[in-house]
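Single-structure report; data block below.
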Amino acid sequence: MTPAELQAFHKETETIVRQILRIQTAPETQDLFALEQFRHSRREAFEKADAKFDWYAFLPTYRMIDRAMDELFLRRIDRLRHNAGDVPELYEFFLAPFKGLMDKYGYAPRWDMIARLSPFSHDMAEYVFAEYRKQLKLDVDEPIDVTVFRGMHYLAATEAYQERARSELLSGFDLALEGYDGEGLVNDMVFVQLGHSLIELSDPSAAGVLYRAFIFAGDDERNYEMNVAASHLAQSITAFAYDGPLDSIRQYIDNYSENYTDDEFVLRARYALWYLTGDRNGPLAYLQDGEHKRNLSFVVSALVDLNVKEGKRSINRLCGGIIDLPKFPPSGGINEGEDRLAEAYQGLASVRTQQGRVLPAKSGE
Numbered sequence: 001m002t003p004a005e006l007q008a009f010h011k012e013t014e015t016i017v018r019q020i021l022r023i024q025t026a027p028e029t030q031d032l033f034a035l036e037q038f039r040h041s042r043r044e045a046f047e048k049a050d051a052k053f054d055w056y057a058f059l060p061t062y063r064m065i066d067r068a069m070d071e072l073f074l075r076r077i078d079r080l081r082h083n084a085g086d087v088p089e090l091y092e093f094f095l096a097p098f099k100g101l102m103d104k105y106g107y108a109p110r111w112d113m114i115a116r117l118s119p120f121s122h123d124m125a126e127y128v129f130a131e132y133r134k135q136l137k138l139d140v141d142e143p144i145d146v147t148v149f150r151g152m153h154y155l156a157a158t159e160a161y162q163e164r165a166r167s168e169l170l171s172g173f174d175l176a177l178e179g180y181d182g183e184g185l186v187n188d189m190v191f192v193q194l195g196h197s198l199i200e201l202s203d204p205s206a207a208g209v210l211y212r213a214f215i216f217a218g219d220d221e222r223n224y225e226m227n228v229a230a231s232h233l234a235q236s237i238t239a240f241a242y243d244g245p246l247d248s249i250r251q252y253i254d255n256y257s258e259n260y261t262d263d264e265f266v267l268r269a270r271y272a273l274w275y276l277t278g279d280r281n282g283p284l285a286y287l288q289d290g291e292h293k294r295n296l297s298f299v300v301s302a303l304v305d306l307n308v309k310e311g312k313r314s315i316n317r318l319c320g321g322i323i324d325l326p327k328f329p330p331s332g333g334i335n336e337g338e339d340r341l342a343e344a345y346q347g348l349a350s351v352r353t354q355q356g357r358v359l360p361a362k363s364g365e
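Numbering-wise (full-length UniProt numbering), the sequence shown opens with residue 1 and increments by one.
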């Protein structure tokens, strides 16, 4: 597809989606299946028009339909106010959405939607709490289900379950390690997801919880994957006004810099330390050193978030003056969003191919 054809395809899909949302103000469950069938028909149409099928080109269209689907999910749930007897049917649907449409299994469960059934049935909340506990105990090679954590966030925002849900999220690391005897491995992605979840919880006490979890994950007795997870926890701490100890992060950086100097997880931890200490000179010196060539977006992120205007010239020199750098945004840490770097330095990631440098588009994985 040419860019013009791609834009026209997306626009056509958007028009149809808007019509569906305008018509389906109080959808039945079968109406949800109709929208999912429409998604598949659009993919088939895209594949016919684009023989290579560039997934990333189709992704904006996919996500647009996905957002519309979530809107219909919520509208279907809202109808329970008039007929709460449909709760069992919807629960079964959200356990395996669109089961039988494309295959006999359906899609992965939507625990975030099941949580929204809780105002109509206490059992729904209990199912989410139980699944959350299971997620915390997943084996090291089992994938996590992010919708479970989203469901917990919903419960944490409701009056009926707020205290319990917030308590269980804040104690998530302890629950995950309950009964752990130091042998075997702990699922590192559970730790990473808990870090993200505590950011969304916006509880000031979460910073200390994250730091204690960092100490566990960053211990050199842990496996490599858990050590990498520790860097994500350090970055999560930057979402809070944390003024507690940072010695373990410093030790972590010193420990792993010897063998992993420019690896992402070390630079992610450096970013966290620079930001948490307000160290404007650290990232500037690191960038000007000239010896570091990889994962410099973490360094640039620190310069942006700390509003180090002097770094603008260094970045421009690094990029060979091939891009026009806009003004620095106000500092704000991770709360400004993971795309703040892309917004502040449009085109910076293109330097990867032009300069042979590895510059991720955003500081995160």
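From the three backbone atoms N, C-alpha and C, an ideal C-beta is built for every residue, glycine too.
All of these numbers come straight from a predicted model, not from anything done at the bench.
Three-state secondary structure assigned by DSSP to residue i
i: R270; result: helix
i: R116; result: coil
i: R294; result: strand
i: Q24; result: coil
i: T238; result: coil
i: G218; result: helix
i: residue 420; result: No answer is possible for residue 420: it lies beyond the span of the chain, which begins at 1 and ends at 365.
i: F265; result: helix
i: S248; result: helix
i: S41; result: helix
i: N83; result: coil
i: A49; result: helix
i: Y56; result: helix
i: L177; result: coil
i: M189; result: helix
i: D66; result: helix
i: T277; result: helix
i: K99; result: coil
i: L306; result: coil
i: A130; result: helix
i: I144; result: coil
i: E183; result: coil
Cross-strand partners of residue i (DSSP beta bridge)
i: R313; result: Answer by DSSP bridge pairing: none, since R313 is not bridged.
Cα-Cα separation, residue i to residue j
i: L32; j: F9; result: 22 Å
i: L59; j: S41; result: 15 Å
i: S231; j: F38; result: 41 Å
i: I65; j: M124; result: 26 Å
i: A130; j: V148; result: 10 Å
i: residue 388; j: D188; result: In the structure as shown, the chain begins at 1 and stops at 365. Residue 388 is therefore absent and cannot be evaluated.
i: A84; j: Q193; result: 33 Å
i: L267; j: W274; result: 10 Å
i: W111; j: H292; result: 43 Å
i: S297; j: D247; result: 24 Å
i: N295; j: F120; result: 48 Å
i: L175; j: E258; result: 33 Å
i: R340; j: K134; result: Any reading at R340 must be qualified, since the residue scores a pLDDT of 40, below 50, and its modelled position is unreliable; no value is offered.
i: S171; j: S205; result: 11 Å
i: I144; j: L177; result: 16 Å
i: F191; j: L138; result: 11 Å
i: L233; j: F214; result: 6 Å
i: A45; j: H82; result: 38 Å
i: P3; j: A49; result: 12 Å
i: Y127; j: G151; result: 10 Å
i: L6; j: T15; result: 14 Å
i: F328; j: V299; result: With a pLDDT of only 43 at F328, under the threshold of 50, the placement of this residue in the model should not be trusted, and no figure is reported.
i: S167; j: D181; result: 24 Å
i: Q19; j: T25; result: 11 Å
i: F240; j: L198; result: 10 Å
i: L169; j: M1; result: 46 Å
Residue from the options whose Cα sits closest to the Cα of residue i
i: G184; options: A207, V140, D174; result: V140
i: L80; options: D174, F149, I114; result: I114
i: G278; options: D262, S301, F265, E264; result: S301
i: R116; options: D70, R22, H196, G100; result: D70
i: R76; options: F191, Q30, F173, A96; result: Q30
i: S236; options: K11, K312, Q19, Y271; result: Y271
i: V209; options: L21, G244, D289; result: G244
i: S314; options: L287, I16, A157, N307; result: L287
i: R22; options: P97, E36, L72, L155; result: L72
i: A157; options: G195, D203, R212; result: D203
i: V146; options: E159, E28, Y132; result: Y132
i: T43; options: P27, L136, T13; result: Position check: residue 43 holds Arg in this sequence, whereas Thr was assumed. Among P27, L136, T13, the Cα nearest to that of R43 belongs to T13.
Exercise. For the 8 Å Cβ check, are there 3 or more pairs between the segment 51–59 and the segment 89–108?
Worked result: no
Problem set entry | Three-pair Cβ contact test at 8 Å for the segment 211–228 versus the segment 161–171 | no
Exercise. Do three or more CB pairs link the segment 282–296 to the segment 244–259 at distances below 8 Å?
Worked result: Contact between the segment 282–296 and the segment 244–259 is absent, with fewer than three C-beta pairs closer than 8 Å.
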